[in-house]
Amino acid sequence: MTTILVVNSGSSSVKYQLVDAASGARFASGLVERIGEPLGRIQHQAGEARSERELAVPDHAAGFAAMLDAFAQAGTPISELGVAAVGHRVVQGGSEFVEPTLITDEVAERILALGELAPLHNPAHYQAIVAARAAFPEVPHVAVFDTAFHQSIPAEAYTYAIDTTVAAEHGIRRYGFHGISHLVVSRRAAAFLGKPVSSLKQIVLHLGNGASACAIDGGISVDTSMGLTPLEGLVMGTRSGDLDPGLMLHLLRVGYSTDQLDQLLNKRSGLMGLAGSNDFRDLQRAAEEGDAASQLAFGVYVHAIRRYLGAYLVELGGADTIVFTAGVGENSPALRAAVCAELEWFGVRIDPARNTAVGGGPRRISADHSRIEVLVVPTDEEAEIARQTWQLVSA
Ligand code: AMP
């Protein structure tokens, strides 16, 4: 029995999947969203059957209960589906959780305590973990950390140049996120190329609503663009990415509160702040129709990616592959073409027909004579969480 329930709770949502850890096959999946708002929503899919329902979901425990209800409504209570273990994605594992970890009461409390570093995420994970352990008391629960893959980053890359006493007191360093995605995508890219991951220098660009770049040397993360929090680095859907820290001091001095600053930088910045939408499709459409703000936002987004691309090419001493993944990376040929434009001198040459061809799985978009292989590789964090969960509980 290798059926794993994967629970991926965000600040106001719970995504879930029932996955076969051995094959990665998906039996059922769903999303509870708008948790904490007056009216939430659950979408559930089992095989071909889809359902959608609006209901109040005050917190993540209620979200988990809504998921259990959706399975029952779809015909088979989840208790009859042979769940062998539950894998929880946890955003912040600090410096202490470097591997998938069996969740005990103590581990759950540590995950909650790390909420100091990830206030939007870890408390939500904790609620979902408590609800899941109550619903599935007999099976092992495993936490898979988004920060774990980046624990290999060397000190010169993870250290911020601030007073070391302050940094030590508050756990301030670069942790990096999207680690589960960077790991699975880099392994799948290597498999696609038919080469051992240990032989490749890769730059993975995870471009979704959240976005990060990762420099991976021989399968090991050596640098990444997100930092202490998922706010640093690339321009994102609603997050600013890199800023002069003096900008925050300035806004605090002119009267912004901490919460207002948090809202501004996490919810009203990035593509949303520049062009009024965090949906990349809207942005592209508006830019093509001549909207100047959307054109600028597209340019700022591309500029940030190219800065990191340049930095990581130097850090890695060149690269064998550049890999695009997540919603924007997998689906926007225009973005990929803009990121790779005029890099022929560095050995990057996109094949326009391959770039625009519609395809589902991993694929090459570089020309045959491109020195650096440019790939599109779909991410699958849930399959990876299921795999790691199963690996731990079956050991
Ligand atoms: P994710 O967080 O990985 O689900 O990615 C979400 C982002 O991917 C949103 O900004 C979407 O607009 C974007 N996206 C999804 N499909 C497409 C598409 N066909 N073209 C451009 N962007 C897309």
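When we follow my numbering, the leftmost residue of the sequence shown carries the number 794, and every step to the right adds one. Even for Gly, the Cβ is constructed at its ideal location relative to N, Cα and C.
Scanning its chain for C-beta atoms nearer than 7 Å, with the 5 sequence neighbours on each side dropped, one finds around Val900 the residues Thr894 and Ala936, in chain order. For a cut-off of 8 Å, the C-beta gap from Gln995 to Val1116 is around 6 Å, short enough to register as a contact.
The bridge partners DSSP lists for Leu824 are Lys808 and Gln836. Judged by beta-carbon spacing, Leu910 lies within the 8 Å limit of Leu1021, meaning their Cβ atoms are closer than that value. A residue is called buried once 16 or more other Cβ atoms fall within 10 Å of its Cβ, and Gln920 is buried on that count.
For Ile1178 and Arg882, the gap between their C-alpha atoms comes out near 7 Å. For Phe970, the Cβ stays outside the 7 Å cut-off from all heavy atoms of ligand 1. In the structure shown, Thr958 falls within a helical segment according to DSSP collapsed to helix, strand and coil. Here Trp1183 is buried. Its C-beta has 16 or more other C-beta atoms within 10 Å. Residues Val891 of the same chain have their beta carbon placed closer than 6 Å to that of Gln944, with the five preceding and five following residues left out of the count. Under the 10 Å beta carbon count, Arg1078 is surrounded by fewer than 16 other beta carbons and is classified as exposed. Less than 8 Å separates the beta-carbon of Val1169 from that of Arg1156.
With contacts defined by Cβ atoms closer than 8 Å, Thr1149 and Val978 do not form a contacting pair. A distance of 8 Å or more separates the beta carbons of Ala1008 and Leu1027.
Annotation for Arg843: no alpha helix (DSSP H) segment contains it, though the beta strand (DSSP E) segment containing it runs Ala842 to Leu848. When the Cα atoms are used, Gly823 and Leu798 turn out to be separated by approximately 11 Å. One Cα belongs to Glu847, the other to Ala1146, and the distance between them is close to 42 Å.
Its chain contains Met794 and Thr796 as the residues whose beta carbon lies nearer than 6 Å to that of Gly875, once the 5 sequence neighbours on both sides are disregarded; these appear in chain order.
For Arg1074, the CB falls within less than 7 Å of some heavy atom of ligand 1. Selection Gly1034, Glu962 and Ala1131 evaluated against Asn1002 yields Gly1034 as nearest (Cα-Cα).
Residue range Ala1119 to Asn1124 is occupied by the alpha helix (DSSP H) that includes Asn1124. In the three-state scheme derived from DSSP, where H, G and I count as helix and E and B as strand, Ala867 is classed as coil.
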